[in-house]
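Student: Reading the sequence shown from the start, the letters are residues 96 to 366 in the working numbering. By construction, the Cβ of each residue, glycine as well, lies at the ideal position given by its N, Cα and C atoms. For clarity, every value in this text was computed on a predicted model and none was experimentally measured.
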Amino acid sequence: MKTLQWDDPHAIAHVSWLGGWRGYSFPDHEHGNYWELVLVRRGVLQHRLEGAWQQHGVGWLTLLRTGESHALRGDEVEFVNLSMPQAIGQALLAPLRVTTRSLCVHLGEEQRLRLESDIESLAAAAGQAHERIILSQILATTARAVLEAGREMASQQPRWLSALLDRLAQADPTRTSLAQLRNWSGVSSEHLARSVRSHLDCTPNQLLRRRRLAAAARLLSSSERTVETIAARCGWSDLPLFHRQFRSFYGMTPGAFRARERRFIASPTTP
């Protein structure tokens, strides 16, 4: 099985089987330049997404893309992790017109087994000509599940909040203010705060801070700028405050995050 180095121009994807009978945990981290699929195969995985812990049993599939963060933990849990460079994921998903944000979806038994079989085939095909074809099949299955879940979520989440999050995703987080957020929402400050808290488990201010931290994380992983320069670029004039808030959200310092991103290898682990 190939070990994927993110600076390898020929790398397509990498599969890891993680977990086991002992406790497993990985701290909050942001995906700076890669995409990831997480599929639970056994037990219950505790998955922290958008700042809130969720319980994911067998068959739960999560798609995470650039700029999204998560943390993982669990006992007697087994899951498969499929990682791919951002450019590969974008190229394969673009024709499928997936425009929703990352989602967690529960697969039926037949769909889960088919996806697991495809992922195992992908691991065996690493470096071979048909590797991209198998990855396309996996992402097509994922896209269908994401789109189905997106339709269900859209019926539960207020339309104005979905539109606001879409607009926020396109905006420069370092130049977006709380006043702009209120104007874009078209609702009162109180209603905005209640809805964001209910659906995203954070305050509007925390939502904006997350986007600024995400921007800082992307710069840390993809540029040679100093931490101080990145902090200033993303809106922090107080460097110690930036360090505290970054560590609080990602579970590590900016320097440690940059080092981890640069040596990131999704190496296989057997239970």
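1. By Cβ distance, which residues of its chain are closer than 7 Å to Phe121, with the 5 residues on each side in sequence left out?
2. Take Tyr119 and list the residues in its own chain whose beta-carbon comes closer than 8 Å to its own, dropping the five residues that flank it on each side.
3. With a threshold of 7 Å on Cβ separation, who are the neighbours of Thr194 within its own chain once the five nearest residues in sequence on each side are excluded?
4. From the DSSP output, in three-state form, read off Asp333 for me.
5. When the Cα atoms are used, what is the spatial distance from Leu336 to Pro349?
6. Does the beta-carbon of Asn300 have 16 or more other beta-carbons within 10 angstroms, so that it is buried, or is it exposed?
7. Using 9 Å as the threshold, is the C-beta distance between Leu156 and Cys199 below it?
8. Would you grab the beta carbon distance between Ile325 and Ala309 for me? Rounded to a whole angstrom, and I think it's under 8 Å.
9. With a threshold of 16 other CB atoms inside 10 Å of the CB of Arg353, please say whether the residue is buried or exposed.
10. Once DSSP output is grouped into helix, strand and coil, what is the label at Asp123?
11. Output the distance between the C-alpha atoms of Arg328 and Thr269, rounded to the nearest integer angstrom.
12. So, at 8 Å on beta carbons, what are the nonlocal neighbours of Tyr345 in its own chain, with the 5 sequence-adjacent residues on each side left out?
13. My guess is that Asp213 and Ile228 are in contact by the Cβ rule of under 8 Å, so how many angstroms apart are they, rounded?
Tutor: This is what the structure gives:
1. Cβ neighbours of Phe121 beyond the five flanking positions: Ala166, Leu167.
2. Cβ contact annotation for Tyr119 (same chain, cutoff 8 Å, sequence separation greater than five): Leu113, Leu167, Arg168, Gly169, Asp170, Val172, in chain order.
3. The predicted model places Thr194 with a pLDDT of 49, which falls under 50 and marks its position as unreliable; any figure quoted below should be read in that light. Nothing meets the Cβ criterion.
4. Under the three-state reduction of DSSP output, Asp333 falls in the coil class, being neither helix nor strand.
5. Answer to the nearest angstrom: the Cα atoms are 12 Å apart.
6. Exposed is the call here.
7. For Leu156 and Cys199, yes; Cβs fall inside 9 Å.
8. About 12 Å separates the Cβ atoms of Ile325 and Ala309, ruling out a contact at the 8 Å cut-off.
9. By the Cβ neighbour-count rule, Arg353 is buried, with 16 or more other Cβ atoms within 10 Å of its own.
10. In the structure shown, Asp123 sits in a strand (DSSP, three-state: E or B).
11. Between Arg328 and Thr269, the C-alpha separation is close to 8 Å.
12. Answer for Tyr345: Pro122, Asp123, His124, Glu125, Ser164, Leu308, Ala312, Phe352, listed in chain order.
13. No, Asp213 and Ile228 are not in contact; Cβ-Cβ is about 10 Å, not under 8 Å.
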